[in-house]
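S.K.: Plus 165 on top of the position in the sequence shown (first one is 1) and you've got this note's numbering.
We treat Cβ as the ideally placed atom computed from N, Cα and C, and that holds for glycine.
Being a predicted model, the structure only gives us computed values, none of them experimental.
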Amino acid sequence: MFATMAELEQALGTCARCPLGQEPHNGPTTFNGSPQSAFAIVGEGPGRVEDEYGVPLVGPSGQLLDKALASVGITRDLIYTSNVIKCRPRNNRTPTVDEGQFCAGQWLDAEMALVKPKVIVALGSVALKYLHSPDARITKDRGQWFMTKYGIPAIGTYHPAYLLRLTGKELVRAKWETYYDLKAAVEKFTVLAPEAVLKSDNPPDLLALYEARRQSRMKKSAEKHLSE
Ligand code: SF4
166 MFATMAELEQ
176 ALGTCARCPL
186 GQEPHNGPTT
196 FNGSPQSAFA
206 IVGEGPGRVE
216 DEYGVPLVGP
226 SGQLLDKALA
236 SVGITRDLIY
246 TSNVIKCRPR
256 NNRTPTVDEG
266 QFCAGQWLDA
276 EMALVKPKVI
286 VALGSVALKY
296 LHSPDARITK
306 DRGQWFMTKY
316 GIPAIGTYHP
326 AYLLRLTGKE
336 LVRAKWETYY
346 DLKAAVEKFT
356 VLAPEAVLKS
366 DNPPDLLALY
376 EARRQSRMKK
386 SAEKHLSE
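1) Three-state secondary structure (DSSP) at residue 248?
2) Whole angstroms is fine: what's the gap from residue 282's alpha carbon to residue 354's?
3) Please report how far the alpha carbon of residue 272 lies from the alpha carbon of residue 391, in whole angstroms.
4) Would you mind working out which of 287, 380, 166, 361 sits nearest residue 307, comparing C-alpha positions?
5) When you compare the CB positions of residue 284 and residue 260, do they come within less than 8 Å of one another, or not?
6) What does DSSP give as the partner residues of residue 288 in its beta bridges?
7) DSSP on residue 303, reduced to helix/strand/coil?
8) Kindly indicate which residue of 248, 357, 217, 274 has the alpha-carbon position closest to the one of residue 377.
9) Check whether the Cβ of residue 175 sits closer than 7 Å to any heavy atom of ligand 1, and report yes or no.
10) Unbroken alpha helix (DSSP H) runs of length 4 or more, entirely within the segment 323-376: which are they?
11) On the DSSP letters alone, give me the boundaries of the beta strand (DSSP E) that residue 204 sits inside.
12) Tell me, to the nearest whole angstrom, how far the beta carbon of residue 204 is from that of residue 244; I am working on the premise that it is less than 8 Å.
Given below as structure tokens:
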């Protein structure tokens, strides 16, 4: 276990404890937002943009998430955002339940022990299966509260990557369901942490915030590629 988030982040940055760590990518991603926040969002795993920047949910999915969160009065800088899986699987495939169990057992559990959020939102199937149970289904179980093994209440909703694949009536329905799930999360959070603030007036541009990290990761990857 780690005493601080800084210690955890440093160790995570060099993790290669499972086969995903050997696949071509720019290294493990960590987390973003505020580790002091009592409101946590847990997604699936990094896509191409997240792999470049080294943090979760900053690509197209993250931008849609920002809009959904804004609709319920949340900005990303005042919440904690992480993923079940830290390394991008080859060809952006969906991580397996076993991969999720292993990586989250190494890292997400330690993050939750340090952050100690009051409420968790599980985004998508991989997060729901880890935080709820392996046979949980996002279509059946989203929008319903459950207790995680951390003793922290959680609610599942659609991953924004899923919303981005929908069109027409299906998209409208799923967007409304996501809105009501997030609204339910904020309502519970307000009861459990009445003093906490979830919205800032000037939230940072996440891509600009992590641009230096992106450049460093891309440089390291290029050097590694040249030396192979
Ligand atoms: S997926 Fe997780 S456990 Fe596997 S190498 Fe990456 S950080 Fe480590």
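M.R.: On the basis of the coordinates in this document:
1) As a first step, residue 248 must be located in the sequence shown, where it is residue number 83. Three-state DSSP puts residue 248 in a strand.
2) Numbered from 1 along the sequence shown, position 117 holds the residue referred to as residue 282. Numbered from 1 along the sequence shown, position 189 holds the residue referred to as residue 354. Rounded to the nearest angstrom, the two C-alpha atoms are 10 Å apart.
3) Taking the first residue of the sequence shown as position 1, residue 272 is located at position 107. Taking the first residue of the sequence shown as position 1, residue 391 is located at position 226. Each residue's alpha carbon lies about 30 Å from the other.
4) Your numbering for residue 307 matches position 142 in the sequence shown. For the residues 287, 380, 166, 361, the minimum Cα distance to residue 307 belongs to 287.
5) Here residue 284 corresponds to residue number 119 of the sequence shown, with the count starting at 1. Here residue 260 corresponds to residue number 95 of the sequence shown, with the count starting at 1. Going by C-beta atoms, residue 284 is not nearer than 8 Å to residue 260.
6) The residue given as residue 288 occupies position 123 in the sequence shown. Answer is 322, bridged to residue 288.
7) Residue numbering aside, residue 303 sits at position 138 when the sequence shown is read from its first letter. The answer is helix: DSSP assigns residue 303 an H, G or I state.
8) As a first step, residue 377 must be located in the sequence shown, where it is residue number 212. Ranking the options by Cα distance to residue 377, first place goes to 217.
9) Along the sequence shown, read from residue 1 onward, the residue named residue 175 stands at position 10. The answer is no for residue 175.
10) 325-330, 333-357, 371-374
11) The count along the sequence shown starts at 1 and reaches residue 204 at position 39. That run of the beta strand (DSSP E) goes 204-208.
12) Within the sequence shown, the letter at position 39 stands for residue 204. Within the sequence shown, the letter at position 79 stands for residue 244. Correct: roughly 4 Å between the Cβ atoms.
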